[in-house]
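Structure first, then comments.
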Amino acid sequence: MVATSSIKNIWKLLERFKDESTLLMNEDNLVVLIYITKHEGIGVDDLIKKLDKHIIHVKDNVVFLKSNRFIIGKNSLIYATEKGEEMVDIIEYSQYKIDDVPKDIILGYTLEKPPLGIGSTSFTFKAERKKIKNKVIKIFKPGIFDHIDFDKKIEALQPLSNLTNLVLPDDYGDFEWNDREFRYIVMKYIKGRTLNEFLNEKVDIDLRKFIDNFLKEVGKTLEKVEKSGLNHGDLHSNNILVVEDELEKGKKICHFHIIDFMGIKSNEEFREFELSDFEYFKQHLLKIVKVYASTPSGKPDLKKLGDRFYYIVQNLQNGEYHSFKDLFDALSAKLPPPSKLGNIKEPPFSFIRFEQYDINDPLWLRRFEVENALYAPIKRFDNVICSGPRGCGKTIYLRSLTFVPRLVKSIQNGPDKYPEVKDKVAFFDNIFGIYFACRQGEFKYFSEKYFRFTPKTQLLIKHIIALRIIKRTLNLINDGYTERVLSSEPKIESILKFLTQYLKRDLMMTPEAKERPFEQLDGILSIEENYCESILGEDENYPDISKMLNEHLLIDFFSGLKNSVSELSNIKFYVIFDDVSDPQVPFECQKIINSFMSCLNEIYCCKFSTEKFAYTYEDMSGKTLQPTNDYTYMDLSFMGAPGDRYTDKIYKQYLGKIINKRLEIANHKQNINGLLGNSPDSAQKLITLLSEYAKGNRDVYNKIKFAGWDLVIQLSSRSVRDAIAICDSIFRECETKKNLSDEIKEGKTKMPIEIQDRAIRKHSLEEYRSLLNITYHGREIFNIVRNFGEISRKYLEKEITNEEGRKYEMITIERIDAKEISEDAKKIFRTLIRYSVFLDRGLCFSREEIGLVQKITLHKKFTPALMTTYREREHLRLSKDRLEKFILHPDEFRQELITGKKIDKHQLEIFDFLEGDRNE
Numbered sequence: 001m002v003a004t005s006s007i008k009n010i011w012k013l014l015e016r017f018k019d020e021s022t023l024l025m026n027e028d029n030l031v032v033l034i035y036i037t038k039h040e041g042i043g044v045d046d047l048i049k050k051l052d053k054h055i056i057h058v059k060d061n062v063v064f065l066k067s068n069r070f071i072i073g074k075n076s077l078i079y080a081t082e083k084g085e086e087m088v089d090i091i092e093y094s095q096y097k098i099d100d101v102p103k104d105i106i107l108g109y110t111l112e113k114p115p116l117g118i119g120s121t122s123f124t125f126k127a128e129r130k131k132i133k134n135k136v137i138k139i140f141k142p143g144i145f146d147h148i149d150f151d152k153k154i155e156a157l158q159p160l161s162n163l164t165n166l167v168l169p170d171d172y173g174d175f176e177w178n179d180r181e182f183r184y185i186v187m188k189y190i191k192g193r194t195l196n197e198f199l200n201e202k203v204d205i206d207l208r209k210f211i212d213n214f215l216k217e218v219g220k221t222l223e224k225v226e227k228s229g230l231n232h233g234d235l236h237s238n239n240i241l242v243v244e245d246e247l248e249k250g251k252k253i254c255h256f257h258i259i260d261f262m263g264i265k266s267n268e269e270f271r272e273f274e275l276s277d278f279e280y281f282k283q284h285l286l287k288i289v290k291v292y293a294s295t296p297s298g299k300p301d302l303k304k305l306g307d308r309f310y311y312i313v314q315n316l317q318n319g320e321y322h323s324f325k326d327l328f329d330a331l332s333a334k335l336p337p338p339s340k341l342g343n344i345k346e347p348p349f350s351f352i353r354f355e356q357y358d359i360n361d362p363l364w365l366r367r368f369e370v371e372n373a374l375y376a377p378i379k380r381f382d383n384v385i386c387s388g389p390r391g392c393g394k395t396i397y398l399r400s401l402t403f404v405p406r407l408v409k410s411i412q413n414g415p416d417k418y419p420e421v422k423d424k425v426a427f428f429d430n431i432f433g434i435y436f437a438c439r440q441g442e443f444k445y446f447s448e449k450y451f452r453f454t455p456k457t458q459l460l461i462k463h464i465i466a467l468r469i470i471k472r473t474l475n476l477i478n479d480g481y482t483e484r485v486l487s488s489e490p491k492i493e494s495i496l497k498f499l500t501q502y503l504k505r506d507l508m509m510t511p512e513a514k515e516r517p518f519e520q521l522d523g524i525l526s527i528e529e530n531y532c533e534s535i536l537g538e539d540e541n542y543p544d545i546s547k548m549l550n551e552h553l554l555i556d557f558f559s560g561l562k563n564s565v566s567e568l569s570n571i572k573f574y575v576i577f578d579d580v581s582d583p584q585v586p587f588e589c590q591k592i593i594n595s596f597m598s599c600l601n602e603i604y605c606c607k608f609s610t611e612k613f614a615y616t617y618e619d620m621s622g623k624t625l626q627p628t629n630d631y632t633y634m635d636l637s638f639m640g641a642p643g644d645r646y647t648d649k650i651y652k653q654y655l656g657k658i659i660n661k662r663l664e665i666a667n668h669k670q671n672i673n674g675l676l677g678n679s680p681d682s683a684q685k686l687i688t689l690l691s692e693y694a695k696g697n698r699d700v701y702n703k704i705k706f707a708g709w710d711l712v713i714q715l716s717s718r719s720v721r722d723a724i725a726i727c728d729s730i731f732r733e734c735e736t737k738k739n740l741s742d743e744i745k746e747g748k749t750k751m752p753i754e755i756q757d758r759a760i761r762k763h764s765l766e767e768y769r770s771l772l773n774i775t776y777h778g779r780e781i782f783n784i785v786r787n788f789g790e791i792s793r794k795y796l797e798k799e800i801t802n803e804e805g806r807k808y809e810m811i812t813i814e815r816i817d818a819k820e821i822s823e824d825a826k827k828i829f830r831t832l833i834r835y836s837v838f839l840d841r842g843l844c845f846s847r848e849e850i851g852l853v854q855k856i857t858l859h860k861k862f863t864p865a866l867m868t869t870y871r872e873r874e875h876l877r878l879s880k881d882r883l884e885k886f887i888l889h890p891d892e893f894r895q896e897l898i899t900g901k902k903i904d905k906h907q908l909e910i911f912d913f914l915e916g917d918r919n920e
């Protein structure tokens, strides 16, 4: 076990060596290796002998090296030798001089030197007690725990002592040394390799037994820990040990132990960037599959996994399981009838979210269908901001513009194999897309929560973002050369000349690195980026403004790149920020990114996608971006001329094209319209039945049938993803009836109405329940939707007297004023729109002819679960105060409405008012 420090810590440590740094700055691009004496059995003397030719200074166990033979990685130096490359770990310099700790400092134990590991909060030693060996002592650095917290934490772990695969403390205490107080725990020593080390070495194993043991020994243990009210909280791959116990038929049989467990209460919020234990476990399991059982295209290999694990892995990739209970219920459930290995028929909608496609595989492009009226403005060279509800296609449209070398190579090598795909690859239209998936959180740190935003800080963040754009571009070019999509000799000198002006250190390319120049540039740019991040908030340490990159200098970089790589001479560069929405990109950071969009030029343009009410159109100078002048706005729930909505007819054709393409790939003989058929009940009949149900007649429940292609279109609320998800639910329900599934695929029969109805109700109920999982506001949002459903059902009880037989139907909210609602209400309101629980229809003319008003409608996928209708006819007209009450106190709002208190003069008075109220 080796502990490493980040580049940030190295720069901070250099402050202790200012004299040496100044003295040696004239040397060739100085770098530093920080090393702890005798760590891992290697002393400074040994290191000096090994690297003698490259050392220029030694002080206090810190070795200064010339970098002309080194490439810096994030946690290591790549030491270039005649025999190849050798990794040299950068070890964190310790202020505690841990090697000087006396062996007998802890009463009754003897510490073995050197330590097993040194982390950010603790030191770990192997130890023995009298004749008892195989113990590990973890010594926590001062200040990590106080007495009360430490004792309580240890006591809370005792109920878990029966879990044999969880390494828990069997003794603990404290001691004083050098006027500091340290706390320690004693645990059993487990000899093994970390999961990370094990997977990197790709040890020969019995894969199915390995996965089975991983599920039982890690997954089941964590499930029991979770039930006890605790979590691990830091379950990275170095905290799972793999122990190879025996050989069976020449292959290792492995067992697992979870280490470094101190217990985090389940009701405590995780820190912002932490994953849950289940998410960590899921990532580890999928990595095991990726290492041992992936096809060349990156998909799970059925023959290696077997039927059961294959289905489980597919469902994990599809996000089917959200807890250990879900996973183990699926493992114990009966699978569809076993198929022969290699012949499992993949459902046509097995991958719903675009992110689950292998973007290197041309198959995803076969599934990619566009509406030209939407796609053409996005694809052309112009700044574009895409918006719209979740699932409307923002990500897939923008991701399709990305330069993907392996995909380009696949199509170049097999043009006859993929004839219909080439036209969909943007690179063949001279587009070089540089894609950032902002939802992964790489811009989340740039927020006022972490440091004060001064004007100079804004410029430094802009410099970091420009560095990331340049680094991502060079990575793509390097991939292009690796895949031989690019083959010309790159003129690297002009790139180096440009970058040298804006980096802290001079760029020196080693002879060995010149064969792979872009790889070395990646390491150098990573150092610069890490250094700049480490000084954020420390204005006095910022580089001079003249050394900072900006949106205008990016034009120079891209221009130089076009001259350096001949294949790029006619290319237009697209900088793509997908989901540049708060909170993954804080509003302060959005203003800085907007500066790149406001820089109009002929070399690069910007493409953004964002969710409504989560984006600011202001740049860091205070200027508001102007539509048509600075960007083109595309709402992907609209089409045609700007502002025109999708007509039902065109949306139906577009959605049908997407679904039918998937059916075609899965060898289905029918199109979706023929397969699902028409809805069994007319819209009017469905309303009548639902009205009876609202009045308390439960006998009509089984008479109501949610089925048919038209109904799927309505329930999708113009979200492609939701339409595919509903179809996916129907097909999964059908898969349980094997013979029927085959007949449907062959086109011999339609999808039975009963299966459609059951699947649609189940899907709607799952979506309704999942509202509780929305971060921070799940319970409030669930309560809002529940009350909104009750209000809708109350409307259904009544008839409009002047329109014989017509019922009041699903309601839309109209805001009758433009006053700002309170901050608490605004947070929940934005979440409702962001997660597409309610859909913002924008400014529309009111049916009461009071001018333009904002209209908001509940997503129709919830209507089967709420037993209300999907047609929008009646409106709740709410002032600022009433809207706040609806959001913050939905139970009170519903109660007031139903018991007859008037909302305002425009409100439809359809409830059982008291006689006194009627006469007012």
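In terms of full-length UniProt numbering, the sequence shown has 198 at position 198, counting the first letter as 1, and numbering is strictly consecutive. The beta carbon of each residue, even a glycine, is placed where N, CA and C say it ideally should be. Predicted model, so just to flag it, every value in this text is computed and none were measured.
Heavy atom of the ligand SAH within 6 Å of residue i beta-carbon
i: Glu112; result: What this structure holds is no ligand at all, so the ligand SAH is not there to describe.
Same chain, Cβ closer than 6 Å to residue i, five either side skipped, listed in chain order
i: Lys138; result: Ser122, Thr124 and Ile185
i: Tyr693; result: Val700 and Met867
i: Tyr768; result: Phe862 and Ala865
i: Asp260; result: Asn239
i: Leu554; result: Ala466
Of the listed residues the options, nearest to residue i (C-alpha basis)
i: Phe140; options: Asn787, Lys103, Phe150 and Ala666; result: Phe150
i: Phe214; options: Lys202, Ile253, Phe557 and Asp479; result: Ile253
i: Lys745; options: Ile672, Asp699 and Ile211; result: Ile672
i: Arg452; options: Lys394, Glu790, Ala683 and Cys589; result: Cys589
i: Gly433; options: Ile469, Glu780, Ile461 and Gly108; result: Ile469
i: Arg367; options: Leu316, Ile378, Gly656 and Gly441; result: Gly656
i: Ile524; options: Lys504, Ser691, Asn541 and Glu197; result: Lys504
i: Tyr435; options: Ile396, His463, Val408 and Lys409; result: Ile396
i: Leu107; options: Glu176, Tyr542, Glu155 and Val167; result: Glu176
i: Glu448; options: Phe886, Thr632, Ile378 and Phe587; result: Phe587
Within 7 Å, strictly: CB atoms of residue i and residue j
i: Leu476; j: Phe403; result: yes
i: Ile385; j: Phe577; result: no
i: Leu241; j: His257; result: yes
i: Cys599; j: Glu528; result: no
i: Ser400; j: Asp635; result: no
i: Pro142; j: Ile154; result: no
Alpha helix (DSSP H) segment containing residue i, residue limits
i: Ala725; result: Val720 to Glu735
i: Ile755; result: Ile753 to Arg769
i: Asn238; result: From DSSP, Asn238 is part of no alpha helix (DSSP H); its letter is neither H nor E.
i: Leu199; result: Leu195 to Glu201
i: Ile593; result: Phe587 to Met597
Own chain partners of residue i with C-beta closer than 8 Å, once the 5 adjacent residues on each side are dropped
i: Ile545; result: Lys456 and Leu459
i: Arg841; result: Thr812, Gln854, Lys855, Ile856 and Thr857
i: Ile461; result: Phe446, Leu536, Cys589 and Ile592
i: Val291; result: Leu199 and Lys202
N-terminal and C-terminal residue of the beta strand (DSSP E) that residue i is part of
i: Val186; result: Arg180 to Lys188
i: Leu460; result: Here Leu460 belongs to no beta strand (DSSP E); instead the alpha helix (DSSP H) covers Pro455 to Thr482.
i: Lys387; result: At residue 387 the sequence reads Ser, which differs from the Lys that was named. From DSSP, the beta strand (DSSP E) with Ser387 extends over Val384 to Ser387.
i: Tyr633; result: Thr632 to Asp635
C-alpha distance - residue i paired with residue j, whole-angstrom precision
i: Val101; j: Phe182; result: 11 Å
i: Arg894; j: Asn787; result: 6 Å
i: Tyr776; j: Phe782; result: 12 Å
i: Asn538; j: Lys103; result: Reading the sequence as shown, one finds Glu at residue 538 and not Asn. Each residue's alpha carbon lies about 41 Å from the other.
i: residue 948; j: Ser836; result: Residue 948 lies beyond the stretch modelled for the chain, which goes from 1 to 920, so this question has no answer here.
i: Lys594; j: Phe278; result: Here residue 594 turns out to be Asn, not Lys, going by the sequence shown. Their Cα atoms are separated by approximately 36 Å.
Same chain, Cβ closer than 7 Å to residue i, five either side skipped, listed in chain order
i: Arg815; result: Val853, Gln854, Leu878 and Leu883
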